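Take a look at the structure set out below.
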Amino acid sequence: MSTGSLFRDRRQAGKALAQVLGAYADRRDVLVLALPRGGVPVGFEVAVALRVPLDVFIVRKLGVPGREEYAMGAIASGGVRVLNESVRRLLHISEAAIEEVARAEQQELQRREQLYRGARPPPDVRGRAVLVVDDGLATGSTMLAAIRALRVQQPARIVAAVPIASAETCEDLRREADHVVCARNPEPFVAVGQWYENFAQTTDEEVRELLARARLDAAAHGT
1 MSTGSLFRDR
11 RQAGKALAQV
21 LGAYADRRDV
31 LVLALPRGGV
41 PVGFEVAVAL
51 RVPLDVFIVR
61 KLGVPGREEY
71 AMGAIASGGV
81 RVLNESVRRL
91 LHISEAAIEE
101 VARAEQQELQ
111 RREQLYRGAR
121 PPPDVRGRAV
131 LVVDDGLATG
141 STMLAAIRAL
151 RVQQPARIVA
161 AVPIASAETC
171 EDLRREADHV
181 VCARNPEPFV
191 AVGQWYENFA
201 QTTDEEVREL
211 LARARLDAAA
221 HGT
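Residue numbers (UniProt numbering): 1 to 223.
Spelled out as structure tokens, the structure:
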């Protein structure tokens, strides 16, 4: 492992994260939802180690027109839309502008839903303990959108779980999630990728393969 990196790759990071999530092992009410694409190899290792089901929760940021890096909300799996009303009012963003951005992002969300899930319906999270897993957190904007979108679906508990994150972002998320697990909080924290020896982009095919393997593993354990 190279100097400065904490994990060889996402799979090793997932194993490390699973070690601090042991309280959720073998529970019938627990579901791991990984954020594609980089969160899926991490979530796979967590789900296999805890012997609980794995699925994906797809989140697409709604960027402000002309300032796309600035989020005015997000859409997520299950037809959920979350809007930041303060941003909308501050920048005087019209409903028509929001709809135009949402339509474009909805197309990509549906593409990924079809590619990753096929005909399988999204999992029912109502009343369940949901572990939302990603490969790391810098600003935490995607995880925040996922938490807010999931909250609408009334799970019993939302756990934001990552192998690596900035301490500040983890603290911020504690105002939104019921439980936040950040396995490592190195400082100074610049970017997630700096803590991985291999941070190559996860492919769509890898996501599909890991989801299929996780379904077989869950079936073997009767989960």
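Every residue, glycine too, gets a C-beta built ideally from N, C-alpha and C.
Keep in mind that this is a model prediction, so the values were computed, not measured.
Classify residue i as helix, strand or coil using the three-state DSSP reduction.
| i | result |
| --- | --- |
| residue 290 | Given a span of 1 to 223 for the chain in the structure shown, any question on residue 290 remains unanswerable. |
| Asp55 | strand |
| Glu100 | helix |
| Arg157 | strand |
| Val152 | coil |
| Ala165 | strand |
| Leu50 | helix |
| Val64 | strand |
| Leu6 | coil |
| Val192 | helix |
From what residue to what residue does the beta strand (DSSP E) around residue i run?
| i | result |
| --- | --- |
| Arg67 | 67-76 |
| Arg184 | 179-184 |
| Leu31 | 30-34 |
| Val82 | 80-83 |
Taking only the alpha-carbon atoms, compute the straight-line gap between residue i and residue j and give it to the nearest angstrom.
| i | j | result |
| --- | --- | --- |
| Asn198 | Ser94 | 42 Å |
| Val20 | Gly66 | 41 Å |
| Ala160 | Arg128 | 14 Å |
| Leu17 | Phe189 | 18 Å |
| Gln106 | Glu113 | 10 Å |
| Val152 | Val80 | 8 Å |
| Ala218 | Leu90 | 47 Å |
| Arg88 | Met72 | 6 Å |
| Val82 | Ala97 | 15 Å |
| Val46 | Ala214 | 10 Å |
| Glu187 | Gly14 | 20 Å |
| Leu62 | Leu173 | 20 Å |
| Ala212 | Val48 | 12 Å |
| Ala183 | Arg27 | 21 Å |
| Gly136 | Asp9 | 12 Å |
| Arg60 | Leu6 | 28 Å |
| Gly222 | Arg157 | 22 Å |
| Arg185 | Leu216 | Note on residue identity: the sequence assigns Asn, not Arg, to residue 185. Answer to the nearest angstrom: the Cα atoms are 33 Å apart. |
| Glu100 | Val64 | 11 Å |
Starting from residue i, trace the alpha helix (DSSP H) in both directions and tell me its first and last residue.
| i | result |
| --- | --- |
| Ile93 | Unbroken run through Ile93: none, as it is neither H nor E. |
| Arg11 | 10-19 |
| Val207 | 204-220 |
| Arg128 | Looking at the DSSP string, Arg128 is not in any alpha helix (DSSP H), and its letter there is neither H nor E. |
Return the Cβ separation of residue i and residue j in integer angstroms, given the expectation that the two are a contact with Cβ distance under 8 Å.
| i | j | result |
| --- | --- | --- |
| Val162 | Leu31 | The Cβ separation is near 17 Å, so there is no contact. |
| Ala102 | Ile75 | 6 Å |
| Tyr24 | Val42 | Not quite, the Cβ-Cβ distance comes to about 15 Å (not below 8 Å), so this is no contact. |
| Val132 | Ala145 | The pair is not a contact, with the Cβ atoms about 10 Å apart (cut-off 8 Å). |
Taking only beta-carbon atoms, is residue i less than 8 Å away from chain C?
| i | result |
| --- | --- |
| Glu68 | In the displayed structure, chain C is absent; only one protein chain is listed. |
Assess, as a yes-or-no matter, whether the stretch 125-144 is touched by the stretch 159-166 under the definition of 3 or more beta carbon pairs within less than 8 Å. yes
Would you say the stretch 199-219 touches the stretch 177-186, given that touching needs at least three Cβ pairs under 8 Å? no
For the structure I just gave you, are there three or more beta carbon pairs, one from the stretch 28-44 and one from the stretch 54-71, closer than 8 Å? yes
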